[in-house]
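**Q** Here it is: the structure, laid out below.
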Amino acid sequence: MDLSSQKEKFSEAYVLAIAATAGYGTYKPSPDDDSVDFGIAARTSSQANGVVTMRSPRLELQLKCTAAPTPSGDSLSFPLKLKNYEELRADNFVIPRILVVVLVPELATDWLAHSETELCLRRCGYWVSLRGKPATSNTKSVKISIPRQNQFTVQALQAIMQRLAQGELP
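Structural data, given as structure tokens:
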């Protein structure tokens, strides 16, 4: 398997681990021709406090994986293909979409460590919603800035899905 395919599969494994731990189902659109690599589906209902939620919120993800160094500032930059940017910035999708960029060490042999007591996926993913971002005159790619506080974690995914269940956006 070439390195690009390894990165793709690793980013998928990362998202599957986060979603499973959060208690959500996943689906993989086929074919991937709409800048959606994975979808996440939750099952929710009205809460005990009387807050009415939207049932079964969904979120769709465009996944990217890069061996870029750990960012040193408040954000990380990622060059996103123009096609993906245009499809993720649209504001007329029924199911909200986000970009998830998974950072990995340079060497694939360093991406994962395991023992009888732990499984460690090295580095982490960051997410950003591009919904409503401006059009660009770029012809090939757009430099995306993702706040480092937007780590794609179990807690972050649960918070996003809760917002979606309340009719809000990610």
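Counting in the working numbering, the sequence shown runs from 1249 upward without gaps.
Even for Gly, the Cβ is constructed at its ideal location relative to N, Cα and C.
Leaving out five residues before and five after I1315 in sequence, what residues of the same chain have Cβ atoms less than 7 Å from its Cβ?
**A** According to the sequence shown, residue 1315 is Ala rather than Ile. Correct list, in chain order: V1352, P1353 and E1354.
**Q** Below 8 Å between beta carbons: does that hold for A1267 and I1288?
**A** yes
**Q** In the DSSP assignment, what residue or residues form a beta bridge with K1388?
**A** Answer is none; K1388 lacks a bridge partner.
**Q** Between E1334 and A1383, what straight-line distance do the alpha-carbon atoms span, to the nearest angstrom?
**A** 8 Å
**Q** Let's test the definition: count the other Cβ atoms within 10 Å of the Cβ of L1307 and tell me whether it reaches 16, buried, or not, exposed.
**A** buried
**Q** On the three-pair Cβ rule with 8 Å, is the region 1273-1280 touching the region 1322-1333?
**A** Cβ pair count under 8 Å is below three, so no.
**Q** Going by DSSP in three states, V1263 sits in which element: helix, strand or coil?
**A** Helix at V1263.
**Q** Note down, one range per segment and in chain order, each alpha helix (DSSP H) of at least 4 residues found wholly within the region 1303-1381.
**A** 1330-1337
**Q** Decide if the region 1392-1406 is in contact with the region 1356-1368; the criterion is three or more beta carbon pairs, one per stretch, under 8 Å apart.
**A** no
**Q** Expressed to the nearest angstrom, what Euclidean distance is found between the alpha-carbon atoms of I1346 and R1396?
**A** 15 Å
**Q** Does the beta-carbon of K1312 have 16 or more other beta-carbons within 10 angstroms, so that it is buried, or is it exposed?
**A** K1312 comes out buried.
**Q** Given a cut-off of 8 Å, decide if G1380 and Y1262 are closer than it, judged by their beta-carbon atoms.
**A** no
**Q** Over what stretch of residues does the beta strand (DSSP E) that includes A1289 continue unbroken?
**A** F1286 to A1289
**Q** S1377 to A1290, Cα distance in whole Å?
**A** 19 Å
**Q** Which one or two residues does DSSP pair with G1271 in a beta bridge?
**A** BP columns for G1271 are empty, so no partner.
**Q** Would you kindly check if the distance between the Cβ of T1269 and the Cβ of F1286 is under 8 Å?
**A** no
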